[in-house]
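Input: a single structure, listed below in structure tokens.
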Amino acid sequence: MKKLNILVVDDEVNITKSLSTLLEMHNYAVTSTNDPLEVEDILAHGDFQLLMTDLRMPGLHGFELIGQLKEAYPSLSVVIFSAYGNAKNVVKAMRLGVFDYLTKPLDQDELLLMAEKVCEHHELMREVKSLRMELKAGSPYNGLVGRSKSMQVVYEFIEKASGSDFCISIIGETGTGKTQTARVIHNNGKRKAGPFVHVNCGSLAETIIESELFGHVKGAFTGAVNNRVGKIRSAHGGTLFLDEVANLGFSTQAKLLNALEEKRFENLGGDKSIEVDIQIIVASNKDLALAVEEGSFRKDLYYRLHVLCLEIPPLRERKEDIPILAKSLLRKIGFAGAQLSTEAMNLLLNYDWPGNIRELDNVLKHAVVSRQGDVIQPKDLPAPLHTGADHAILAVSDSSCLQEKVDAFEKYLIEEKLTETHGNVARAARELNFPLRTLRRRVIALNIAPDACKRTLSSE
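Residue numbers (the numbering used here): 1054 to 1513.
Now the structure itself:
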């Protein structure tokens, strides 16, 4: 579960400092201010999920502040803390949609429980939003699977970009789903009735790429025994998707730039200008801006293509999507009835996936062939996925003292659970059926860093 970004507002400096210190100790990102008039400006320049505010402050009353923010930030949860906890104030707060009302002096456990509830609320809202997106309009994101925050960004980009004719650049590592994303953008756009023409620039030699894109007339070069239309003309009225566009040579880049600017081109060996109406989507596993700096990609073409840009997150940065991805891929390869054991799923979650979704697909194909029965076990998964678990067991076995072995194994189990919960100590304690205070003491004693566990799962 992703931690909250919290804005704390109180005119008393000691209160904002103590609250910030407590919340930051529990891995929350906290910004504070003693001037309620600064709140709108702070919210406008950050991504906050929770506002904690006092009621009676000079310059602006807490209820006035909440009323001003309600329309502009509908998803922002608000918690009031005040020394004046009378029934009238509480009722008014509830009518304004306030998430909770806490009275001063604040109880630390009550405060942390409230923050945990807000976390769960926003996690639920993200899941609901994702499900709505998947169900909306007959699954408009068909082929794209995930409910993580990084995938919500992808879905929101598609919604905005699909209504335009601007050039779109998709950047992402190999195997992250750039081609599928381009197809979804096309299928949701105003050119969906037209063709979607895919050209893999990385698989074509420089000697034939121009002919592949622009076509040629008979006799244009040795071996040109017939006229060829070319991919650009074939995409007329639709979308031309240039995959791994960074592999184009300078000569082809120059001709492509001219075709985009003039909306017309000539076949190789031809003298007739051909008008074309297409949308261009390009993809690359390389940073095109860096390619420009290195001199391997034209700056003018880069700026022509780089109108709308989307970065597809690697699988290691959205591991919370792995369970639903695995289920979708098993269904796609014809084994919808196959299931992953808890131990097998843990191996998938602890692996870094350098090959991204494509590698996950191959791993699952290996597993369904290797399995015995409907449940995929750890032994059915290929060797690279066992490396992390084997390393942890070896680390425990190397200890000579019994207490060292117990501590090492306990540390491994706690870190594994903290990784699953994004570094959320309170949630880990619940799932381990462990008293929260006891777990916190063990985390300190075993030198465990919850923040490090959070980063290993996601850098969102």
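The C-beta atom is built at its ideal place from N, Cα and C for all residues, glycine as well.
- In the structure shown, the three-state DSSP call for leucine 1358 is helix.
- With respect to leucine 1417, leucine 1354 sits apart: the two C-beta atoms are not nearer than 8 Å.
- Taken through DSSP and simplified to helix, strand or coil, histidine 1269 comes out as strand.
- Judged by beta-carbon spacing, asparagine 1409 lies within the 8 Å limit of glycine 1228, meaning their Cβ atoms are closer than that value.
- Taken through DSSP and simplified to helix, strand or coil, threonine 1227 comes out as coil.
- Annotation: the continuous beta strand (DSSP E) that includes arginine 1317 extends over 1317-1319.
- In terms of Cβ geometry, histidine 1269 and leucine 1321 form a close pair [threshold 8 Å].
- In chain order, Cys1220, Leu1310, Leu1313, Glu1314 place their CB closer than 8 Å to the CB of arginine 1357, counting only its own chain and leaving out the 5 sequence neighbours on each side.
- Nearest C-alpha to glycine 1150 among Lys1157, Thr1156, Asn1142: Asn1142.
- About 30 Å separates the CB atoms of glutamine 1205 and leucine 1075; that is not less than 8 Å, and the two are not in contact.
- For serine 1085, DSSP records a beta bridge to Val1061.
- Going by DSSP, alanine 1379 is part of the alpha helix (DSSP H) stretching over 1375-1385.
- If you ignore the 5 residues before and after leucine 1118, its C-beta comes within less than 7 Å of the C-beta of Pro1089, Val1092, Thr1106, all in its own chain and listed in chain order.
- Taking 8 Å as the cut-off, the beta carbon of cysteine 1362 is found no closer than this to the beta carbon of serine 1201.
- By the Cβ neighbour-count rule, phenylalanine 1318 is buried, with 16 or more other Cβ atoms within 10 Å of its own.
- The closest CA to that of isoleucine 1334, considering only Tyr1137, Leu1108, Val1360, is found on Val1360.
- Contact between leucine 1434 and alanine 1420 is confirmed by a C-beta separation of about 6 Å, below the 8 Å threshold.
- Straight through space, the alpha carbons of leucine 1257 and lysine 1284 are spaced by roughly 13 Å.
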